[in-house]
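Number 56 in our numbering belongs to position 33 of the sequence shown; there are no gaps in the numbering.
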Amino acid sequence: MKTLSSSDEKYMRQALRLARRGLGKTSPNPMVGAVIVKEGRIIGQGYHRYFGGDHAEIDALKSATEDMSGATMYVTLEPCRHWGKTPPCTDAIIKNRIGKVVVGMLDPFPEMRGKSVEILMQHGIETAVGILEKECHSLNEAYLKYTTTGVPFVTVKFAQTLDGRIATAQGSSRWISSPESLKLAHKLRSHHDAIMVGVGTVLADNPELTVRLVRGRNPTRVILDSKLRIPLDAKVLTDQQAARTLVAATPAADKAKLSALRLMGIEVLIVPPDKQGKIDLKHLLKTLGQRQISSLLVEGGAETITSFLRLHLADKIIAIIAPKILGKGKEAVGELNITDVSKALKLSFDRVYRSGEDIVVEGR
C-alpha cells in the first residue's frame, strides 16, 4: 500500500539526509537511513555508517530515547529479512514492537522484493511503501545497477574549456578548472569504488589518482594499458600503500613487463581484446563487478572517455566547464561516428550549478 502525507514526506527526507552520510563508505551495500517517530517526536534515528556495520534500522533502534511500542519507523530501503554480516532487521523491528513502518523503496532483488513487507504485515505491523520512491532510487543508483546487472555504475567526468578542450594542442591541461572544481573532483573520487584512466594519461601526467583535497577513502585505481606501456616508476604503481592499482591489459601485452609488474605486487587483469585489439571494456566492467566494485569514475583521457560514450557504457556524465577558450587543442570527446544530429547521444540534465568560476553539468 502507498500513502503520502506531509509528515511522511518530512520524516522520509530526514531519513534520506541521514543515508547520504554513508556516501563512499557502505559499498557494495546501499546507503540507508532510518527515523523512528512517536507522537510527533523523533525518538531515534540512524544510518548505515560503513560496510559491515549496523544497518540503519539497528542504528536507529539503538539510539532510541524511550520505549518504541507503537512508534513509526521511516526507512529509505525495505528492511532486510536475512542473516548476512548482521542479523535480520525485520526481527529487531518486530521485537521492539514498532507499530508502523514506512518504506521508501522495495529491495531490488527479485527474490527478496516485498518479502520483508509481507513479514511485517503478518506480525500486525502496518506498512506503507513508495514514499519519496524516486529520491530513494536516485540515492542508490549505483547499488541498484550493480545488484541487478553485476557491473558497476559508470560516471564519466571531465573538465573542459567553453569550446570543449581538455588541453592545448601541446598537451598542457593544468589547470583548466578552478580550485573549487579540483576539490569537487577529489570529492567525486572519494565517492566511488574505483577510478579509471588510460595509460596515455599516466604517461602524460603521472597522476596519483588519490583523494587529497577532501577527507575520504581512496578508490581502487584502474589503468587501461592493452600493451603494458606503463612505466614501472609511475606514481600509481609505487604507492600501493595509499591505494590499490589494477592494470588492465590484453594477451598481446609485453610479457617481460607483465612479469615485472607482478613481481611488484601489481595485479594485472588480462582482458580479451575488442575488434581493434584494445581492451574489451564490457568484459572489463564485468570483471570489476566480480571484485565488488559497484561504482566507477572514468577520468580520462579523451580516448577512454570517447570509448565509453561510443559503446554506451556511461550511466552518468559530469562535465566541468571553465570560462576559458583555447581554440585549437585536445577535445574532451573524440569521434563517435555520428553523421546525423538526430543520432546524437541524448542526455537529461539532473543538475547544473556553479563551482568557483566554473559551471558543472550533471546528466545521464
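Here a beta-carbon is modelled for each residue, glycine too, at the ideal position from N, C-alpha and C.
Computed from a predicted model, the values in this text were never measured in an experiment.
- Apart from sequence neighbours up to five positions away, the residues of its chain that approach residue 338 with a beta-carbon distance below 8 angstroms are 164, 168, 176, 177, 178, 387, ordered along the chain.
- In the three-state DSSP reduction, residue 387 falls in the coil class, being neither helix nor strand.
- When beta bridges are read from the DSSP output, residue 68 appears opposite 58.
- Under the three-state reduction of DSSP output, residue 225 falls in the helix class.
- Residue pairing by DSSP places residue 381 opposite 378 in a beta bridge.
- Under a 10 Å Cβ-count criterion, residue 213 is classified as buried, with 16 or more other Cβ atoms of the shown protein chains found around its own Cβ.
- Between the stretch 49-62 and the stretch 81-100 there are three or more C-beta pairs closer than 8 angstroms, enough to call the two in contact.
- Straight through space, the alpha carbons of residue 264 and residue 242 are spaced by roughly 12 angstroms.
- Distance from the CA of residue 156 to the CA of residue 120, rounded to the nearest whole angstrom, comes to 25 angstroms.
- If you check the CB distance, residue 122 and residue 221 do not come in under 7 angstroms.
- Per DSSP, reduced to three states, the secondary structure at residue 74 is coil, with no helix or strand assignment.
- In the DSSP assignment, residue 323 is bridged to 220.
- One Cα belongs to residue 188, the other to residue 224, and the distance between them is close to 15 angstroms.
- Inter-residue distance for residue 146 and residue 40 is about 29 angstroms (C-alpha atoms, whole angstroms).
- A residue is called buried once 16 or more other Cβ atoms fall within 10 Å of its Cβ, and residue 364, having fewer, is exposed.
- In the structure shown, residue 232 adopts coil according to DSSP, grouped into three states.
- For residue 265, there is no enclosing alpha helix (DSSP H), as DSSP marks it with neither H nor E.
- The beta carbon of residue 104 sits closer than 7 angstroms to those of 111, 113, 138, 139, 142, all from its chain and outside the five residues before and after it, given in chain order.
- Here the C-alpha atom of residue 361 lies approximately 21 angstroms from the C-alpha atom of residue 352.
- Assigned with DSSP and collapsed to three states, residue 37 falls in helix.
- Residue 296 is bridged by DSSP to 302.
- Beta-bridge pairing by DSSP links residue 188 to 354.
- Using a Cβ distance threshold of 7 angstroms, residue 201 and residue 380 count as a contacting pair.
- In terms of CA proximity to residue 286, 255 leads the group 304, 255, 305.
- At least 7 angstroms separates the beta-carbon of residue 336 from that of residue 307.
- For the set 270, 75, 81, 60, the Cα lying nearest the Cα of residue 69 is the one of 81.
- In this model, residue 192 and residue 186 are separated by some 13 angstroms (Cα to Cα).
- Taking residue 326 as the centre and dropping the five residues before and after it, the same chain places the C-beta of 221, 223, 357 closer than 8 angstroms to its C-beta, in chain order.
- Residue 367 is classed as exposed because its beta carbon has fewer than 16 other beta carbons within 10 Å across all chains shown.
- Closest option to residue 298, judged by alpha-carbon separation, among 244, 249, 72, 87: 249.
- Judged by DSSP in its simplified three-state form, residue 127 adopts strand.
- The DSSP assignment places complete alpha helix (DSSP H) segments of no fewer than 4 residues inside the stretch 141-211 at 156-162, 164-172, in order along the chain.
- By the CB criterion at 7 angstroms, residue 259 and residue 272 fall outside the cutoff.
- Residue 331 sits in a helix when the DSSP states are folded into three classes.
- Cα atoms of residue 333 and residue 319: separation of roughly 17 angstroms, rounded to the nearest angstrom.
- Beta-carbon to beta-carbon, residue 182 and residue 154 are separated by about 38 angstroms, too far to satisfy the 8 angstroms threshold.
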